[in-house]
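Residue numbers (our numbering): 4 to 85.
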């Protein structure tokens, strides 16, 4: 689907709303944030951008996260604006 095209989008939303939930996301929102990084991208003028899945919690711009674990070390990182 391309920007500006919404043909069939209503049907996709209807389909997703009919699927049963596999998790109780209302309960997961209250937990500490966990984000699994699937890919990273280097964007000129922006920096490192990550793509992945929020497993629990809520992540908003300016949220501080611990990134890692690599050889027992964690790195602090701040979520930028979307």
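We put the beta carbon where it would ideally sit given N, CA and C, even for glycine.
For residue i, collect the residues of the same chain with a Cβ closer than 8 Å to its Cβ; drop the 5 residues on either side in sequence, then sort them by chain order.
i: residue 62; result: 36, 38, 68, 82
i: residue 32; result: 59, 60, 61
Provide the residue(s) that pair with residue i in DSSP beta bridges, ordered along the chain.
i: residue 37; result: 59
i: residue 79; result: 69
i: residue 50; result: 46
Roughly how many whole angstroms lie between the Cα atoms of residue i and residue j?
i: residue 50; j: residue 41; result: 17 Å
i: residue 21; j: residue 56; result: 21 Å
i: residue 75; j: residue 64; result: 27 Å
i: residue 16; j: residue 80; result: 33 Å
i: residue 66; j: residue 84; result: 10 Å
i: residue 18; j: residue 43; result: 30 Å
i: residue 11; j: residue 34; result: 35 Å
Excluding the 5 residues preceding and the 5 following residue i in the sequence, name in chain order all residues of the same chain whose CB lies nearer than 7 Å to its CB.
i: residue 46; result: 52
Considering only residues of the same chain and omitting the five flanking positions on each side of residue i, which have a CB-CB separation below 6 Å?
i: residue 77; result: 69, 71
i: residue 54; result: 41, 42
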